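Visitor: This is the structure I want to talk about, given as structure tokens.
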Amino acid sequence: EPLFRSKQWYQRRVAITAGEKKLIRAEKLIGGLGGEKDRWSQSAKDLQFLYDNLIGDVLIASGVVAYLGPFTTSYRSQCVANWVKNCKDCGITCSDAFSLSKTLGDPIKIRAWNIHGLPSDSFSIDNGVIVDNSRRWPLMIDPQGQANKWIKNSKKEKSTDCDSALIPLL
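Just so you know, our numbering puts 1326 at position 102 of the sequence shown, and the rest follows in order with no gaps.
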């Protein structure tokens, strides 16, 4: 019977030690997740801000895609600033610092475009977003050949018979 008691005592001691270890790990986990609450709260606020401005941002983005493709950066900025002001005057909420690439752009696509030769400046990325959201290919005045290179490299991976006939024309 003393052996049985010592075995029970040992089993209880192992269970207590295992429980203590679990408590220590749980405290570490809860302590580590304490900072996550702040991060999640900030993410929720950011998403709410984006959601609140969605209608105005998409309205401005559709105007940029439809009308501002052939214009320079400065003219686009002037038009967007006027459109933001007009939206706010009409009670339509939109972002103060509107960005076409943040509104309609997909970061993964944009990164792939950069890999395929599209320059990483905001004007080029906005042009890529306009091309991606347009029904037809726009006329590209491209003295440096950057857009040409980008389209050729992008189409290499997705070429079809019809597309491969167009690539020599580029």
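Note that the Cβ used here is the ideal one computed from N, Cα and C, for glycine as well.
All of these numbers come straight from a predicted model, not from anything done at the bench.
1. Drop a sphere of 10 angstroms on the beta-carbon of D1350, count the other beta-carbons inside from all chains shown, and report buried for 16 or more, exposed for fewer.
2. Suppose you measure from the CA of Q1272 to the CA of R1359; what does that come to, to the nearest Å?
3. For the structure I just gave you, are there three or more beta carbon pairs, one from the region 1288–1298 and one from the region 1247–1265, closer than 8 Å?
4. Let me know if S1378 comes out buried or exposed under the rule of 16 or more other beta-carbons within 10 Å of its beta-carbon.
5. Rounded to the nearest angstrom, what separates R1335 and K1373 at their Cα positions?
6. Taking the alpha-carbon of Y1275 as reference, which of Q1302, I1375, S1319, P1367 has the nearest alpha-carbon?
7. Cα-Cα, which of L1283, G1352, A1268, K1245 is closest to V1308?
8. Measure from the alpha carbon of E1413 to the alpha carbon of each residue in I1365, Q1368, W1337, K1326, then state which is nearest.
9. If I'm right that T1327 touches A1285 with Cβ under 8 Å, what's the distance once you round it to whole angstroms?
10. So for N1277, helix, strand or coil by DSSP?
11. Are the CB atoms of S1325 and V1353 nearer to each other than 7 Å?
12. In whole angstroms, what is the alpha-carbon distance linking E1244 and V1238?
13. Could you pull out every residue in the same chain whose Cβ sits closer than 8 Å to the Cβ of D1262, ignoring the five residues on either side in sequence?
14. For L1278, tell me which candidate among N1306, I1316, Q1266, I1332 has the shortest Cα-Cα distance.
15. Considering just the uninterrupted stretch of the alpha helix (DSSP H) at W1307, what are its terminal residues?
Guide: Reading off the structure:
1. D1350 comes out buried.
2. Taking C-alpha positions only, Q1272 is separated from R1359 by approximately 31 Å.
3. Touching, no, given that fewer than three Cβ pairs across the two stretches are closer than 8 Å.
4. Burial state of S1378 is buried, judged by a 10 Å Cβ sphere holding 16 or more other Cβ atoms.
5. Distance between the alpha carbons of R1335 and K1373: 15 Å.
6. Minimum Cα-Cα distance from Y1275 among the listed residues Q1302, I1375, S1319, P1367 corresponds to S1319.
7. Looking only at L1283, G1352, A1268, K1245, the smallest Cα-Cα distance to V1308 is reached by L1283.
8. Since the first and last residues shown for the chain are 1225 and 1394, residue 1413 lies out of range.
9. Rounded to whole angstroms, the Cβ separation of T1327 and A1285 is 4 Å, and the two are in contact under 8 Å.
10. If DSSP states are grouped into helix, strand and coil, N1277 belongs with coil.
11. Their beta carbons are under 7 Å apart, which means S1325 touches V1353 by this criterion.
12. Those two C-alpha atoms are separated by around 10 Å.
13. Closer than 8 Å at Cβ, skipping near neighbours: no residue.
14. Nearest Cα to L1278 within the set N1306, I1316, Q1266, I1332: I1316.
15. Bounds of the alpha helix (DSSP H) holding W1307 are 1297–1313.
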